[in-house]
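Residue numbers 1052 to 1558, in my numbering, belong to the letters of the sequence shown in order. Before any comments, here is the structure.
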Amino acid sequence: MASSTIISRSMPFTTKKEINIPLSAPSPISLSKCKGRVPWKVVAVMAPAKSPRDPSTTGSVKVGMTMTEKIFARASERTQLVPGENVWVNVDVLMTHDVCGPGTIGIFKKEFGENAKVWDREKIVIIPDHYIFTSDERANRNVDILRDFCMEQNIKYFYDIKDLGNFRANPDYKGVCHIALAQEGHCRPGEVLLGTDSHTCNAGAFGQFATGIGNTDAGFVMGAGKLLLKVPPTLRFVLDGEMPNFLLAKDLILQIIGEITVSGATYKTMEFVGSTIESLSMEERMTLCNMVIEAGGKNGVVPADQTTFKYLEGKTSTSFEPVYSDGGARFQQEYKIDVSKLEPVVAKPHSPDNRALARECKDVKINRVYIGSCTGGKTEDFMAAAKVFLASGKKVKVPTFLVPATQKVWMDLYGLPVPGAGGKTCSQIFEEAGCDVPASPNCGACLGGPKDTYARMNEPQVCVSTTNRNFPGRMGHKDGQIYLASPYTAAASALTGFVTDPREFLQ
Ligand SMILES: CC(C)[C@H](C(=O)O)[C@@H](O)C(=O)O
1052 MASSTIISRS MPFTTKKEIN IPLSAPSPIS LSKCKGRVPW KVVAVMAPAK SPRDPSTTGS
1112 VKVGMTMTEK IFARASERTQ LVPGENVWVN VDVLMTHDVC GPGTIGIFKK EFGENAKVWD
1172 REKIVIIPDH YIFTSDERAN RNVDILRDFC MEQNIKYFYD IKDLGNFRAN PDYKGVCHIA
1232 LAQEGHCRPG EVLLGTDSHT CNAGAFGQFA TGIGNTDAGF VMGAGKLLLK VPPTLRFVLD
1292 GEMPNFLLAK DLILQIIGEI TVSGATYKTM EFVGSTIESL SMEERMTLCN MVIEAGGKNG
1352 VVPADQTTFK YLEGKTSTSF EPVYSDGGAR FQQEYKIDVS KLEPVVAKPH SPDNRALARE
1412 CKDVKINRVY IGSCTGGKTE DFMAAAKVFL ASGKKVKVPT FLVPATQKVW MDLYGLPVPG
1472 AGGKTCSQIF EEAGCDVPAS PNCGACLGGP KDTYARMNEP QVCVSTTNRN FPGRMGHKDG
1532 QIYLASPYTA AASALTGFVT DPREFLQ
């Protein structure tokens, strides 16, 4: 891809750093790298201007800290800590699902004893969501193991499914864990949420520390309620400027991952601030935080604000304490992004950092489109796709699969009017456009799944997908090609049969 090099030095204590950006997307990002052997000890980066907020409620914290450091401090009962330190962190919520739950339970029983009780039956959330609508016996057995364990331990939050033939006959069943956690009020500012899934970082949208852990760690947390964790240093991303009406949060995070690469934030916090972030809905903030793991990030985090508090209204009765980065907090690097200059992007096969402008891929012929998953199957994702179909008035040219993340999203597709559509719902617009009928909520073909998984790529096809990973084999076939994209771009591509910039339909 054509690229130009820019050099930026915008702050004190910075070094020059060259970054490559697409020639056709001029300089949206500038970067400041902190100087010194241990940057977070010697550098104080001014926090960018933002709306006035209440000061930190951690009280005893005296020295400037980032919000992630403050969450670690509270959870480890410390007043001060620095990145790199290992601390015992008290866990507020532990989540597991059908893929990792059985392994986690096995480790818990092995290490704590066959008759051991979990540390807190109200802090463990168990959500079957991955391999649900399948006749694969081992996948079905995994859900049975979760059910038996939840009965035995009297787990308060188990979102069970028994009737696989009709998900609506299972009122407890939610669907994709990360979205269910948010919708059911398990995500709260200032808290620590650990889950046996790499996209647990999704919950950072609520101003909390949320990260994925392995079964061994989760088995330990299940019994002890805490975990030894290293405090991550923080990269700060300042996104300012008005969001163009053809962009979505997926474009922002693909832009960033393309910039810093899939290892650019390894074991680091990605903190998102700025006027653009403040204007994003909670679902869009989730999309952003969901994919920090695709840059290696330990967690992503957005400061809680009125948007957060409004979303939480009526969802939780647990009190929470939001925390915010101090003016004198130490960031390892700071990136500034002028969102008004960005264009729709995709991640080409086979890596989330293989960024290209959508319009640069207009000759890529596709066989299918997939709209779904934790990062791209929320109500607003479908609303965005519906907007493109509505604006075009045309029919899709390739099979277009729709997999709502949760039962609530599914109901929204049938119940909520799409703005500007004269009362039509998403489901009506999708039907008129010739899409497949919205499927049962679950992780679906985002990660392939058993052979009989709906919309799995069983042939070496080319797919534009709103999901979060495009590794070889990810959606089923090892020779399949996946272009990650926003719901706008996915819908536009469905209408043409080629990777398509949504501006062709949205003006
Ligand atoms: C199955 C699970 C362990 C996995 C993850 O951790 O991310 C999956 O959800 C994914 O998206 O690849």
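No residue lacks a Cβ here, since even glycine has one placed at the ideal position from N, Cα and C.
Presumed contact (8 Å Cβ cut-off) between residue i and residue j, rounded CB distance
i     : j     : result
K1445 : G1548 : So it is not a contact: roughly 11 Å between Cβ atoms.
F1260 : V1243 : 5 Å
A1545 : T1451 : 4 Å
L1290 : G1325 : 4 Å
G1423 : A1456 : 7 Å
L1280 : V1144 : Contact flag wrong, Cβ pair sits at about 15 Å.
Y1421 : A1355 : With 8 Å as the limit, Y1421 and A1355 do not qualify as a contact, their Cβ atoms being about 32 Å apart.
H1250 : C1425 : 5 Å
K1366 : G1236 : 3 Å
Proximity of residue i and residue j at Cβ, strictly below 8 Å
i     : j     : result
C1252 : G1315 : no
M1118 : G1258 : yes
P1489 : L1441 : no
I1388 : M1342 : no
I1480 : A1435 : no
G1427 : T1504 : no
W1461 : P1492 : yes
L1331 : V1142 : no
P1295 : Q1383 : no
F1560 : G1276 : Any question about residue 1560 goes unanswered here, given that the chain covers just 1052 to 1558.
V1114 : S1127 : no
T1312 : D1404 : yes
R1172 : I1206 : yes
I1122 : G1292 : no
G1531 : Q1512 : yes
V1169 : Q1204 : yes
L1305 : R1192 : no
Close beta carbons around residue i, own chain, < 7 Å, minus the five adjacent residues each side
i     : result
I1533 : P1400, C1514, S1516, N1521, R1525 and M1526
I1178 : M1146, H1148, Y1210, K1225, C1228 and A1231
E1510 : H1528
T1476 : L1464, Y1465, G1466, L1467, P1468 and V1469
G1154 : N1266
D1105 : Below a pLDDT of 50, predicted positions are generally treated as unreliable, and D1105, at 47, falls in that range; the measurement from the model is reported next regardless. Taken in chain order, the list of residues that qualify is empty.
D1487 : P1450, T1451, F1452 and L1453
Residue i CB to nearest heavy atom of ligand 1 below 7 Å
i     : result
C1151 : yes
H1401 : no
R1520 : yes
D1568 : Residue 1568 lies beyond the stretch modelled for the chain, which goes from 1052 to 1558, so this question has no answer here.
G1263 : yes
L1498 : yes
H1181 : yes
Proximal residues to residue i (C-beta, below 6 Å), its chain only, five neighbours per side dropped
i     : result
M1097 : Because the pLDDT of M1097 is 28, which lies under 50, any placement of that residue in the model is unreliable, and the question is left without a value.
A1536 : V1397 and V1515
C1151 : T1247 and N1266
P1334 : According to the sequence shown, residue 1334 is Glu rather than Pro. If we look at E1334 and ignore the five residues flanking it on each side, its Cβ neighbours are K1429 and E1431.
A1220 : D1214
F1556 : V1439, A1442, S1443 and A1543
T1317 : G1347
S1102 : Caution applies to S1102, whose pLDDT of 42 falls short of 50 and renders its modelled position unreliable; the value that the coordinates give is listed next. So no residue of the chain qualifies.
G997  : Nothing about residue 997 can be reported from this structure: the residues present for the chain run from 1052 to 1558 only.
K1459 : Q1234
S1478 : L1464 and Y1465
Nonlocal neighbours in the same chain, by C-beta distance under 8 Å from residue i, ignoring five residues either side
i     : result
P1395 : F1297, L1298, D1302, L1408, A1409, R1410, A1536, S1537, Y1539, T1540, D1552, P1553 and R1554
A1100 : Low per-residue confidence applies at A1100: pLDDT is 36, beneath 50, and the placement is therefore not dependable, though the value from the model is reported in the following sentence. Same-chain partners within the cutoff: there are none.
I1212 : P1179, I1183, V1194, F1218, N1221, D1223 and Y1224
E1120 : L1132, V1133, P1134, V1282, T1285 and A1380
K1162 : Correcting the residue type first, residue 1162 is Glu in the shown sequence and not Lys. The answer, listed in chain order, is G1270, F1271 and G1274.
Residue-level contact to chain D via CB, residue i, 8 Å cutoff
i     : result
G1255 : No chain D is present in this structure, which holds just one protein chain.
N- and C-terminal bounds of the beta strand (DSSP E) containing residue i
i     : result
M1146 : V1144 to H1148
W1139 : N1137 to N1141
Y1539 : Not the beta strand (DSSP E): Y1539 falls in the alpha helix (DSSP H), residues P1538 to T1547.
E1385 : Q1384 to D1389
G1115 : Neither: G1115 is in no beta strand (DSSP E) and is coded neither H nor E.
M1321 : T1320 to V1324
Y1505 : Careful: Y1505 lies outside any beta strand (DSSP E) and carries neither H nor E.
Boundaries of the alpha helix (DSSP H) in which residue i is found, first to last residue
i     : result
N1193 : E1188 to Q1204
S1127 : First-last for S1127: undefined, no H or E at that position.
G1274 : N1266 to A1275
G1351 : Note, G1351: premise wrong, no alpha helix (DSSP H); beta strand (DSSP E) at N1350 to V1352.
E1483 : C1477 to A1484
T1430 : T1430 to S1443
T1013 : Nothing in the structure corresponds to residue 1013, since the chain is present only between 1052 and 1558.
Residue i: CB within 7 Å of a non-hydrogen atom of ligand 3
i     : result
V1420 : Ligand 3 is not among the ligands present in this structure, which contains only ligand 1.
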